[in-house]
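One structure below.
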Amino acid sequence: MDGSVLYLAMPSITSAITPSTDQALWILDIYGFVVSSLLIAFGSLGDRYGRLKFLLTGAVVFGIGSVGAAFSPNPETLIACRALMGLGGATLLPAGLAIISNLFHNPRQRSQAIGIFAATFAAGFAVGPVIGGLLLSRFDWGSVFLINIPVVVLFLAFAPTLLREVRTTDPGRVDALSVVLSAVGILLAVYSVKSAAAEGFSAAQAVTGLVGLAILVWFVRRQFGLEHPLLDLRLFKDHVFTVAILTGLLSLVAWAAAGYLTGVYLQSVLGYSVLAAALLVLPGAAVLTAACIGAPGVVERIGMRSALIASHFFMGVGLLLLLLTTTEHGVAAFIASSVVTGVGYGFSFSLVADTAVAAVPAERAGSAASIAEMSNELGNALGISLLGSLAALCFRLSGPDIAGTLNETLDTPGLSAATVAEAEDAFLTGLHVAVGVASLLCLGLGVLALRWVPKEAKAEEKAEADSVAATR
């Protein structure tokens with residue numbers, strides 16, 4: 006809910022506190038980068054000290070960050086508060102999934118519970134813009150962050166009673182250096198990409214990127230020498246696991262980038278109000294929610310492999326429909342795209358964790374689940390930073406060269422009609438390039454899944470063989 010509201014609130018935030026192009030992208034994606042860089046580490050700490058304890062602590066930190074964000078007087082403060090929200094959010098996903106998995110020991114019930122868990126994300130995406138649109142039509146932009154507070158208060162009131170503590174008896178030691186390397190490497194590498202898109206290439210930008218990549222290489226090499234690695238890269242030797250993680254990553258890359266760019270498109274190009282734009286999101290969000298909940302039933306009918314492959318092609322084809330948008334018309338194409346991609350996103354969100362866990366031995370299921378969750382959060386951040394930066398680069402190269410973003414350009418006084426049209430055309434070009442790349446990635450992964458994911462019968466034989474081997 007918080008993320009989808011923020012996409013629609015960005016034009017209002019841009020007008021109110023005037024962030025630069027780079028700052029605007031950081032406001033959107035600093036949350037995802039903090040979460041993704043700390044997710045596995047916090048998952049290990051939760052195993053050691055208790056998942057419920059981490060959930061409660063994370064909710065408090067998330068609430069404090071939300072209040073700070075609501076009253077931020079400048080972009081720097083808002084970015085810092087969004088980072089604090091990410092610090093709290095990093096405890097929520099792995100802990101929540103672990104507790105839910107522990108509540109349901111029957112595999113079919115657990116699969117349904119995970120599907121419902123995934124559907125709550127879609128439901129938040131659906132109701133967030135509507136609630137945010139109502140708030141933004143009556144109150145200041147800071148109100149979109151204050152809607153988190155009632156949820157946090159209710160959770161803190163009921164969670165200690167309704168949920169039970171979950172911890173692992175032998176979680177292993179958390180490697181502090183790996184935590185630092187992963188976080189710093191990701192931030193430096195992505196900052197370099199974002200800076201190139203917003204301001205052009207420079208020596209400082211290139212050095213920053215190379216340092217970030219070097220740190221990430223160091224991180225990867227270190228994992229192979231640790232008894233308890235922060236990221237168990239050996240799991241990627243399994244092709245099914247690799248496809249599942251890439252699916253989780255790319256589905257969120259596409260979803261986040263399309264959500265952000267189409268939110269700006271509906272408001273700043275087609276001229277819809279925040280509330281009207283939010284209502285246009287509802288059909289796709291409803292399909293996404295239904296697909297999350299219905300995914301286990303679809304799997305029973307057509308199999309996990311077919312459902313996973315179908316998710317890629319639904320996403321890829323749905324994204325291509327956005328290429329039909331123009332500066333004058335595009336609502337029908339947007340709704341059709343959101344409905345078609347909603348099926349793919351729903352299947353993906355519901356199936357990735359189950360597929361990843363099923364592909365590895367039982368003793369490594371915890372690591373697999375953590376990596377699956379990390380792929381989602383990292384994809385959410387990369388979608389905005391990389392594809393958002395690609396769209397920003399296209400705008401900078403083909404736009405009127407007045408400001409770095411469409412909203413900044415349109416807020417400039419004294420613009421001629423020709424300049425406004427040039428800016429809108431440049432933004433639409435960036436939108437088309439970004440979603441085109443996202444679509445090709447999804448379709449390409451679908452083809453890879455056709456080759457790498459074994460047919461159901463073979464998968465069942467493998468599972469039976471593993472079971473016999475374990476019994477012996």
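As numbered in the numbering used here, residues 6 to 477 make up the sequence shown, in order. Glycine is no exception: its CB is placed at the ideal position from the N, C-alpha and C atoms.
> Would a C-beta distance cut-off of 8 Å place Val198 and Ser394 closer than the cut-off?
Replying inline: For the purposes of this step, residue 198 is taken as the residue at position 193 of the sequence shown. For the purposes of this step, residue 394 is taken as the residue at position 389 of the sequence shown. Yes.
> At what residues does the alpha helix (DSSP H) containing Trp457 begin and finish?
Replying inline: Within the sequence shown, residue 457 is the residue found at index 452, counting from 1. Its alpha helix (DSSP H) spans residues 422-457.
> What alpha helix (DSSP H) runs, 4 residues minimum, are completely inside the segment 51-119?
Replying inline: Counting whole runs of 4 or more residues, the segment 51-119 contains the alpha helix (DSSP H) stretches 56-75, 80-108.
> Since Leu140 and Ile154 are thought to touch, with beta carbons under 8 Å apart, how far apart are those beta carbons, to the nearest angstrom?
Replying inline: Within the sequence shown, the letter at position 135 stands for residue 140. Within the sequence shown, the letter at position 149 stands for residue 154. Not really, about 13 Å apart at Cβ, beyond 8 Å.
>> With three or more beta-carbon pairs closer than 8 Å as the criterion, would you say the segment 229-236 touches the segment 296-307?
In response: They do not touch, by the three-pair rule.
>> Tell me the DSSP secondary structure of Trp146 in three-state form.
In response: Within the sequence shown, numbered from 1, the residue matching residue 146 stands at position 141. Note: Trp146 maps to coil in three-state DSSP.
> Near Ser9, which residues of its chain fall below 6 Å by C-beta distance, leaving aside the five closest residues on each side in sequence?
Replying inline: Here residue 9 corresponds to residue number 4 of the sequence shown, with the count starting at 1. Non-local C-beta neighbours of Ser9 in its own chain, meaning closer than 6 Å and more than five positions away in sequence, comprise Phe130, Gly133, Pro134, ordered along the chain.
>> Taking 8 Å as the threshold (C-beta atoms), are Phe150 and Ala74 in contact?
In response: In the sequence shown, counting from the first residue as 1, residue 74 sits at position 69. In the sequence shown, counting from the first residue as 1, residue 150 sits at position 145. A contact, by the Cβ cut-off of 8 Å.
>> Counting only C-beta atoms, is Gln272 closer than 8 Å to chain B at any point?
In response: In the structure shown, chain B cannot be found, because there is only a single protein chain.
>> Less than 6 Å between C-beta atoms, sequence neighbours within five positions excluded: which residues of the same chain meet that for Ile340?
In response: Numbered from 1 along the sequence shown, position 335 holds the residue referred to as residue 340. Same-chain partners within the cutoff: Pro288.
>> If I measure Cβ to Cβ from Ser200 and keep anything under 6 Å in the same chain, skipping five residues before and after, which residues do I get?
In response: In the sequence shown, counting from the first residue as 1, residue 200 sits at position 195. For Ser200, the CB contacts under 6 Å within the same chain, skipping 5 residues up- and downstream, are Gln210 in chain order.
> How long is the line joining the alpha carbons of Ala377 and Ala363, rounded to whole angstroms?
Replying inline: On the sequence shown, residue 377 is found 372 positions in, with the first residue counted as 1. On the sequence shown, residue 363 is found 358 positions in, with the first residue counted as 1. If I take the Cα positions, the gap works out to 12 Å.
>> So the candidates are Ala219, Gly449, Val336, Asp7; which of them puts its Cα closest to the Cα of Val322?
In response: Along the sequence shown, one-based indexing puts residue 322 at 317. Ranking the options by Cα distance to Val322, first place goes to Gly449.
> Going by the beta-carbon positions, is the gap between Asn412 and Ser273 smaller than 8 Å?
Replying inline: Residue numbering aside, residue 412 sits at position 407 when the sequence shown is read from its first letter. Residue numbering aside, residue 273 sits at position 268 when the sequence shown is read from its first letter. With respect to the 8 Å criterion, Asn412 and Ser273 are classified as neighbours on the basis of their beta carbons.
> When you compare only the Cα positions, how much space is there between Val158 and Leu167?
Replying inline: Reading the sequence shown from its first residue, position 153 is the one you call residue 158. Reading the sequence shown from its first residue, position 162 is the one you call residue 167. Each residue's Cα considered, the two are about 15 Å apart.
> For Ala259 versus Ile389, is the C-beta spacing smaller than 8 Å?
Replying inline: The count along the sequence shown starts at 1 and reaches residue 259 at position 254. The count along the sequence shown starts at 1 and reaches residue 389 at position 384. Contact: no.
> Any contact of the segment 61-74 with the segment 89-109, i.e. 3+ C-beta pairs under 8 Å?
Replying inline: Proximity of the segment 61-74 to the segment 89-109 meets the contact definition, three or more beta-carbon pairs being nearer than 8 Å.
>> I'd like the span of the alpha helix (DSSP H) that includes Gly302, first residue to last.
In response: The count along the sequence shown starts at 1 and reaches residue 302 at position 297. Unbroken alpha helix (DSSP H) run through Gly302: 279-307.
> Below 8 Å between beta carbons: does that hold for Gly347 and Leu313?
Replying inline: Locating residue 347 in the sequence shown gives position 342, where the first residue counts as 1. Locating residue 313 in the sequence shown gives position 308, where the first residue counts as 1. Cβ atoms of Gly347 and Leu313: not closer than 8 Å.
> Is the segment 426-444 touching the segment 215-228 in the sense that three or more CB pairs, one from each, lie closer than 8 Å?
Replying inline: No, they do not touch.
> For Arg401, which three-state DSSP category applies?
Replying inline: The residue labelled residue 401 in the question sits at position 396 within the sequence shown. Note: Arg401 maps to helix in three-state DSSP.
> How would you write the range of the alpha helix (DSSP H) that Gly276 sits in, first residue to last?
Replying inline: Taking the first residue of the sequence shown as position 1, residue 276 is located at position 271. Where Gly276 is concerned, there is no enclosing alpha helix (DSSP H), given that its DSSP letter is neither H nor E.
>> Going by DSSP in three states, Ser342 sits in which element: helix, strand or coil?
In response: Locating residue 342 in the sequence shown gives position 337, counting from the first residue. In the structure shown, Ser342 sits in a helix (DSSP, three-state: H, G or I).
>> Can you give me the C-alpha to C-alpha distance between His317 and Asn381, rounded to a whole angstrom?
In response: In the sequence shown, the residue the question calls residue 317 occupies position 312. In the sequence shown, the residue the question calls residue 381 occupies position 376. Near 15 Å, if we compare the C-alpha coordinates of Asn381 and His317.
> Between the segment 411-427 and the segment 210-224, do at least 3 Cβ pairs fall closer than 8 Å?
Replying inline: Taking a cut-off of 8 Å on C-beta distances, the segment 411-427 does not touch the segment 210-224, as fewer than three cross pairs fall below it.
>> Rounded to whole angstroms, what is the Cα-Cα separation between Ala128 and Ala291?
In response: Indexing the sequence shown from 1 puts residue 128 at position 123. Indexing the sequence shown from 1 puts residue 291 at position 286. Distance from the CA of Ala128 to the CA of Ala291, rounded to the nearest whole angstrom, comes to 8 Å.
> In whole angstroms, what separates the C-alpha of Tyr54 from that of Val458?
Replying inline: In the sequence shown, the residue the question calls residue 54 occupies position 49. In the sequence shown, the residue the question calls residue 458 occupies position 453. In a straight line, the C-alpha of Tyr54 is about 36 Å away from that of Val458.
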